[in-house]
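Novice:
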Amino acid sequence: MIRFEQVTIQYGHQCILEAENFHLQRGVPHVILGASGGGKTTILKVMLGLIAPVAGRVYLDGVEITSLPERALRPLRKKFAMVFQGGALFDELTVGENVGYRLLEVGHKTPWIERLVREKLCLVGLEDAIDRYPAELSGGMTKRVAIARALASSPEVILFDEPTAGLDPIAVYNLNRLILALPEIAHITPLVVTHDVPSALTVGQSFSILRSGTFLFQGSRDALSESLDENVTEFLHPTEASLIDWTQCDSRSAIALPYAETASANGR
Amino acid sequence: MRGSKPLPEHITMSQGSSRHLPRTTRALAALGGVTLFTFQAGVRGFTLPMYGREFLLETHKIGGQSLFLVCFTGLFTGMVLALQLSVQLQVFGATSLVAPFVSTSVVRELGPVLTALVVAGRAGAGIAAELAAMVVSEQIDAMRLEGTDIIQKLVTSRLRAALLSLPLLTLIADAVAVGGGLLVAVFSLGVHPILYTLSALEALTLFDLVTGLLKPFCFGGVIAMIGCYAGLHTHRSAAGVGAATTQTVVLCSLLIIITDFVLTKLFVAVGWVAPVR
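Residue numbers (our numbering), protein chains in the order written: chain B, 153 to 420; chain Z, 628 to 904.
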């Protein structure tokens, strides 16, 4: 479905992603794990042709998209949808119009579209919010509407950018259940990028670990659990060695000091 | 993101940083970018879908919401112009010439330029801020993924709205400014209102009206294209949104004045500018 080879992304003179090879197989939920600032969102945008690499090739459904113009990319992207980290809902449209956006762009509002929109909103538990505007929603609700929008376009693959960030535990649990069920109930392959290890292990069948713009690991769940690579185990199970030593900072931050010590230093 | 390889056609500047390039290179790149952008938006003006809802909404934002400011500016411009002229013309006992001078100055120059400057400050900045905010919140990326032609939906609809709104606003501003001049002429100089109106209208030629409407049409294009370009090519940060709006107002103001000079020179060359009668 999605494949790339030797992709390099630069920002100015700084190389922010240098990924060798990647392959998303149809029907296999894949998770890209990585720390913040590791190039995870950039990778998703590269996959869908939103950002062009300076080197390497990206294939979308077998077609090389690296040098395709925008109008040639549009039909290829129909099989894909993306849930952006911040939701990226359209401010001037209601929740219902946001969810049915792709369908409303090609035709007029019909009872069928309205039924479909309600159905997708019901899946994320927001049927009552259909007439509200994005500005009236909380962060978690925004994300759920974005998921409903992605589902409404009946894609074959949905790319999730940090889907659990900012959600409460119950919403995370429900979202993970939904992502897990996607291949079976809707024949949708989820591709999730996240730094949330428990959620990643819940929804993923195959995994990639990204660090500083390069893949440290790619493989199945079993291969991940059996990996002896220090960097991989360090990411999955952080130890004392990976913690920041606050005492080494020049300005001894109050965060690093026990409360009593800070209080006595302040003369309290 | 932008790197050593040339930026492909479909990649917007918003995804790349040009800050590492020399200033001259950046300016030239922006000039080329705006030219290409204008061409693309112009071509899409003749293709479907028309995005009628966006067009009406933008016409309201650019035209409707600027109307009060434009009228206010026009009224005081007309009054100030009449006051200044009355002082100068009284020396020669030619206060009857206030009306023709006010009407020709306003219709040929002041109306189009001041209206465009006001709209650039209000609507142009608004266009840039709105689009830049959409870039920062990834709405533009989301639209592209949903299969929307960004230029057709966001740029061409704004271009159409500006091309329609500016000439209409200018017509209104011209009328209000001449009316402002009438107030001063009647109450300060004791000129009869009908005499003022007749001499104001008599002084105008068809060319004055044509050039007075062609200018705002061009200014509308400048405001829409600069606003859209700056907005869609912003850096992904809050500071980027601010920079886009500032750039829009500054560039629009400069380009409006330069375009005005070029157009006036052209109209003079083809003989469309006649002496005031």
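Idealized CB from N, CA, C, for every residue including glycine.
Keep in mind it's a predicted model, so treat the numbers as computed, not measured.
1) I'd like to know if GLY214/B contacts chain Z, where contact means its C-beta is closer than 8 Å to some C-beta of that chain.
2) Consult DSSP for TYR678/Z and reduce its assignment to one of helix, strand or coil.
3) Restricting to Cα atoms, I'd like to know which of GLY191/B, LEU176/B and GLY186/B is closest to GLN166/B.
4) Any chance the stretch 725-733 of chain Z sits against the stretch 798-811 of chain Z, with 3 or more Cβ pairs inside 8 Å?
5) Do the CB positions of TYR287/B and VAL235/B come within less than 8 Å of each other?
6) When burial is assigned at 16 or more other CB atoms within 10 Å of the CB, is GLU681/Z buried or exposed?
7) Tell me the rounded alpha-carbon separation between ARG735/Z and LEU796/Z.
8) Between GLY679/Z and GLY371/B, what straight-line distance do the alpha-carbon atoms span, to the nearest angstrom?
9) Taking C-beta to C-beta, are PHE359/B and PHE369/B nearer than 8 Å?
10) Quick one: is HIS637/Z buried, meaning 16 or more other Cβ sit within 10 Å of its Cβ, or exposed?
11) Cα-Cα, which of ALA871/Z, ILE853/Z, GLY867/Z and LEU890/Z is closest to GLY659/Z?
12) Shorter than 8 Å from the beta carbon of GLU829/Z to some beta carbon of chain B?
13) Does the beta carbon of THR674/Z sit closer than 8 Å to a beta carbon anywhere in chain B?
14) Could you tell me which whole alpha helix (DSSP H) segments of length 4 or greater appear in the stretch 712-774 of chain Z?
15) Measuring straight from C-alpha to C-alpha, what distance separates GLY898/Z and ALA827/Z?
16) Determine which residues of the stretch 217-238 of chain B have a Cβ less than 9 Å from any Cβ of chain Z, and write them out in chain order.
17) Could you name the residues of the stretch 756-788 of chain Z whose beta carbon sits closer than 7 Å to any beta carbon of chain B, in the order they occur along the chain?
18) Would ALA240/B count as contacting chain Z if we go by Cβ distances under 8 Å?
19) Give every residue of the same chain whose Cβ lies closer than 7 Å to the Cβ of ALA857/Z, excluding the five residues on either side of it in the sequence, and list them in chain order.
20) Of the choices LEU275/B, SER364/B and ARG254/B, whose alpha-carbon is the least far from that of ALA171/B?
21) Does any residue of chain Z bring its CB to less than 8 Å from the CB of ARG267/B?
22) Of all Cβ atoms in chain Z, is any one closer than 8 Å to the Cβ of GLU314/B?
23) Which same chain residues end up closer than 7 Å to GLY208/B when comparing Cβ atoms and leaving out the 5 residues on each side of it in sequence?
24) Could you spell out the range, first to last residue, of the beta strand (DSSP E) harbouring THR160/B?
25) Over the uninterrupted alpha helix (DSSP H) stretch that includes GLY186/B, give me the two end residues.
26) Give the straight-line distance between the Cα atoms of PHE834/Z and LEU793/Z, rounded to the nearest whole angstrom.
27) Classify GLY239/B: buried if its beta carbon has 16 or more other beta carbons within 10 angstroms, exposed otherwise.
28) Counting along the chain, where does the beta strand (DSSP E) carrying ASP313/B start and finish?
29) Give the straight-line distance between the Cα atoms of LEU798/Z and ARG223/B, rounded to the nearest whole angstrom.
30) For ARG254/B and chain Z, any beta-carbon pair shorter than 8 Å?
31) Is the CB of LEU289/B under 8 Å away from at least one CB in chain Z?
32) Are the beta-carbon atoms belonging to GLY847/Z and PRO739/Z less than 8 Å from one another?
33) What in chain Z is Cβ-close to LYS261/B, meaning under 8 Å?
34) Only counting the same chain, and skipping five residues up and downstream in sequence, which positions put a Cβ closer than 8 Å to that of LEU905/Z?
35) Buried or exposed: which applies to ALA747/Z, given that a residue is buried once 16 or more other Cβ atoms fall within 10 Å of its Cβ?
36) Measure from the alpha carbon of LEU169/B to the alpha carbon of each residue in MET199/B, GLY292/B and LEU303/B, then state which is nearest.
Specialist: Looking at the coordinates:
1) Not one chain Z Cβ lies under 8 Å of GLY214/B.
2) Coil, per DSSP.
3) The shortest Cα separation from GLN166/B among GLY191/B, LEU176/B and GLY186/B belongs to GLY191/B.
4) Touching, yes, given that three or more Cβ pairs across the two stretches are closer than 8 Å.
5) In the sequence as displayed, the identity of residue 287/B is Ala instead of Tyr. For the 8 Å CB-CB criterion, ALA287/B and VAL235/B do not form a contact.
6) Buried, since its Cβ has 16 or more Cβ neighbours within 10 Å.
7) ARG735/Z and LEU796/Z: Cα-Cα distance of roughly 14 Å.
8) Between the alpha carbons of GLY679/Z and GLY371/B lies a gap of roughly 50 Å.
9) Contact: yes.
10) Its pLDDT being 37, under 50, HIS637/Z is placed unreliably by the model, and nothing is read from it.
11) Across the set ALA871/Z, ILE853/Z, GLY867/Z and LEU890/Z, the C-alpha of ILE853/Z shows the shortest separation from the C-alpha of GLY659/Z.
12) Contact with chain B is absent for GLU829/Z, since none of that chain's Cβ atoms lies less than 8 Å from the residue's Cβ.
13) It does not; no Cβ of chain B falls within 8 Å.
14) Runs of the alpha helix (DSSP H) lying entirely within the stretch 712-774 of chain Z and spanning at least 4 residues, in chain order: 725-732, 738-746, 752-763 and 766-772.
15) Cα to Cα, GLY898/Z sits roughly 21 Å from ALA827/Z.
16) Listed by position along the chain: THR218, SER219, LEU220, PRO221, GLU222, ARG223, ALA224, LEU225, ARG226, PRO227, ARG229, LYS230, PHE232, ALA233, MET234, PHE236, GLN237 and GLY238.
17) Residues passing the 7 Å Cβ filter: SER764, GLU765, GLN766, ASP768, ALA769, ARG771, LEU772, GLU773, GLY774 and THR775.
18) At least one chain Z Cβ lies under 8 Å of ALA240/B.
19) So the qualifying residues of the chain are ALA755, ALA871, GLN874 and THR875.
20) Of LEU275/B, SER364/B and ARG254/B, the residue nearest in Cα terms is SER364/B.
21) It does not: the Cβ of ARG267/B has no partner Cβ on chain Z nearer than 8 Å.
22) False, the Cβ-Cβ gap to chain Z never drops below 8 Å.
23) Residues of the same chain with a CB within less than 7 Å of the CB of GLY208/B, apart from the 5 flanking positions on each side, are PHE156, GLU157, GLN158, VAL159 and THR160 in chain order.
24) DSSP places THR160/B in the uninterrupted beta strand (DSSP E) bounded by 154-163.
25) No alpha helix (DSSP H) contains GLY186/B, which is instead part of the beta strand (DSSP E) from 182-186.
26) One C-alpha to the other measures close to 18 Å.
27) Under this definition GLY239/B is a buried residue.
28) Residues 309-313.
29) Between LEU798/Z and ARG223/B, the C-alpha separation is close to 39 Å.
30) It does; some Cβ of chain Z falls within 8 Å.
31) Chain Z contact via Cβ: absent.
32) Contact: no.
33) The premise fails here: LYS261/B is roughly 12 Å from chain Z at the closest Cβ pair, so nothing lies under 8 Å.
34) What the structure shows of chain Z is the stretch from 628 to 904, and residue 905/Z is not part of that stretch, so it cannot be assessed.
35) Buried: at least 16 other Cβ atoms inside 10 Å.
36) Of the listed residues, the one whose Cα sits closest to LEU169/B is MET199/B.
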